[in-house]
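Using the numbering used here, read the sequence shown as starting at 128 and increasing by one per residue.
Just so it is clear, CB atoms sit at the ideal spot from N, CA and C, and this is done for glycine as well.
Structure, as C-alpha cells:
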Amino acid sequence: MLNIGTLNTLTVIEATPMGYLLSDGDSHHEHDILLTTEDQSLAEGQSIDVFLYYGQDRNIHATLTKPAITVDEFKALRVVGLSDAGAFFDWGLPKDLYAPKQHTHSELAIGMPAVVKLVVEDKQHKLYATTKIEKFLSPAPDTWSTSTPVQLLVYAKTPLGFKVIIDDTYAGLLYHSDLFKPVHIGEVHQGFIKRIREDGKVDVTLQRHDKKQRASLAEQILDDLEAHGGLSSLTDKSSPQDIQVRFNVSKASYKKALGQLYKEKKIVITPKHIKLTNENS
128 MLNIGTLNTL
138 TVIEATPMGY
148 LLSDGDSHHE
158 HDILLTTEDQ
168 SLAEGQSIDV
178 FLYYGQDRNI
188 HATLTKPAIT
198 VDEFKALRVV
208 GLSDAGAFFD
218 WGLPKDLYAP
228 KQHTHSELAI
238 GMPAVVKLVV
248 EDKQHKLYAT
258 TKIEKFLSPA
268 PDTWSTSTPV
278 QLLVYAKTPL
288 GFKVIIDDTY
298 AGLLYHSDLF
308 KPVHIGEVHQ
318 GFIKRIREDG
328 KVDVTLQRHD
338 KKQRASLAEQ
348 ILDDLEAHGG
358 LSSLTDKSSP
368 QDIQVRFNVS
378 KASYKKALGQ
388 LYKEKKIVIT
398 PKHIKLTNEN
408 S
C-alpha cells in the first residue's frame with residue numbers, strides 16, 4: 128500500500144530515459160510511479176526510500192529528498208509566496224508547498240514562519256498545507272499531572288500568551304505572565320504542564336513550579352554563591368533579564384528560591400547583595 132505524503136520503501140523495477148520506475152509490490156500500482164533523479168547508481172531490484180506526493184497533474188510523484196514536513200506532522204515553515212488563491216511554503220522540495228486560501232490565516236506574510244500541518248486527500252489526489260491546525264489537536268490525556276515534562280511548538284500569539292502544540296498532539300497555552308525569555312512563533316521549547324482546566328484546556332510553562340524545581344534552583348544558587356566567594360549582587364531586586372541570563376528562570380521563581388534559602392538560614396539578603404551565612408560559607 129502506498130502512503131502519500133510520507134516516506135515509502137519501494138523497489139526499482141526499471142531504468143528508463145525519464146528516470147526509474149518504482150513498485151511497492153502491489154499489482155495495482157506496479158510500474159506507475161516514476162522517480163526522476165540525476166542519481167544513476169540505482170539498480171533494478173534495489174529497495175529505496177522515497178517521499179511520495181501528488182503533483183499538479185494529480186499523479187503520484189516520487190523524490191529521494193525528504194521534505195521538512197510529512198503527513199500528519201506539525202512544523203514551522205517559511206512563507207515564500209502569497210496570492211489570491213493561497214500561500215506557498217518552503218518545504219525543501221523544488222516545488223513549494225501550497226496552502227489553499229480557505230486553509231490559511233490572513234496574518235501570513237512573506238518571510239515569516241508559520242506552523243502548518245500537511246494534509247492528504249487521496250480521493251481528490253491532493254496534498255496541501257493548512258495553518259488552521261486546531262481542529263487536528265487532541266484533548267489532554269488522563270495520564271498527565273502537574274510538572275509533566277513536554278515539548279512545546281509555538282504556533283500563535285494571543286492577548287493572554289502563546290498557543291502551543293504539546294508533544295506534536297495536544298493544544299496548550301503559555302501565558303505571558305509565565306515567560307522569562309522571548310518566545311516566537313515556530314520555536315520549539317521544552318516545558319512543563321502547569322494545570323489542566325475543567326474544560327480540558329491545558330496551561331503550560333517553561334519551568335517547573337513545584338517544590339522539586341525550587342529545591343533544584345536553591346541548590347544552583349548556593350553553588351553559584353560558593354563559586355563567587357559566598358557573595359552575589361543578584362538579589363530579589365535584580366532585573367528579570369539578569370536573573371534569566373544567570374539561572375534561566377523567571378524572577379518569581381528566583382525570589383521563591385531565595386525565600387526558601389532565607390527561611391532555612393542559609394543566606395542573608397540585603398538590598399545590594401545576597402551572601403552565604405557563616406554556617407554555609
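Item to complete: Counting only the same chain and skipping the five closest in sequence on each side, list residues whose C-beta sits under 8 Å from that of R373.
Response: D351 and L361
Item to complete: Taking 9 Å as the cut-off, decide whether the C-beta atoms of K393 and L344 are in contact.
Response: no
Worksheet item: DSSP beta-bridge partners for N135?
Response: V177, per the DSSP bridge assignment.
Worksheet item: Residues in its own chain within less than 7 Å of K109 by CB, not counting five upstream and five downstream?
Response: Residue 109 is absent from the model: the chain starts at 128 and stops at 408.
Discussion item. My parser needs the beta strand (DSSP E) runs of 3 or more residues fully inside the stretch 188-233; what are they?
Written reply: 201-210, 213-217 and 224-227
Item to complete: Report buried or exposed for D305, applying the criterion of at least 16 other Cβ atoms within 10 angstroms of its Cβ.
Response: buried
Discussion item. Here's the rule I'm using: 16 or more other beta-carbon atoms within 10 Å means buried, otherwise exposed. How should M145 be labelled?
Written reply: exposed
Fill in: Pick from L333, D151, G172 and E141 that is closest to V277, judged by C-alpha positions
Nearest to V277 by alpha-carbon distance, out of L333, D151, G172 and E141, is L333.
Worksheet entry | K228 versus T192 - alpha carbon distance | 27 Å
Worksheet item: When you compare only the Cα positions, how much space is there between K378 and Q368?
Response: 8 Å
Worksheet item: Pick from K250, I196 and T138: whose alpha carbon is nearest that of E171?
Response: T138
Worksheet entry | As assigned by DSSP and simplified to three states, the class of F319 | strand
Worksheet item: By Cβ distance below 7 Å, which residues in the same chain neighbour W218 in space, the five residues on each side in sequence not counted?
Response: P194, A195, I196, L204 and L224
Practice prompt. Would you mind reading off the limits of the alpha helix (DSSP H) that contains D369?
Written response: It spans P367 to F374 - the alpha helix (DSSP H) in which D369 sits, taken as one unbroken run.
Discussion item. Contact defined as beta carbons within less than 8 Å: I believe L134 pairs with D176. What is the distance between those atoms, to the nearest angstrom?
Written reply: 5 Å
Practice prompt. Since I believe A298 is in contact with L264 (beta carbons under 8 Å), could you give me their beta-carbon distance rounded to a whole number of angstroms?
Written response: 4 Å
Practice prompt. Please state if the CB of L169 and the CB of A142 are separated by a distance shorter than 9 Å.
Written response: yes
Fill in: Close Cβ partners of E314 (< 6 Å) along its chain, the five nearest in sequence each way excluded
V281
Worksheet item: Count the other CB atoms within 10 Å of the CB of H400; is the residue buried (16 or more) or exposed (fewer)?
Response: An exposed status is given to H400, since fewer than 16 other beta-carbon atoms sit within 10 Å of its beta-carbon.
Fill in: Where I237 falls, given that 16 or more other Cβ within 10 Å makes a residue buried
exposed
Discussion item. Please state the DSSP three-state secondary structure of Q334.
Written reply: coil
Item to complete: Return the Cβ separation of P266 and G327 in integer angstroms, given the expectation that the two are a contact with Cβ distance under 8 Å.
Response: 5 Å
Worksheet entry | A189 to A226 span [Cα, whole Å] | 20 Å
Discussion item. One question on the structure: do I187 and D159 come within less than 9 Å of each other, judged by their Cβ atoms?
Written reply: yes
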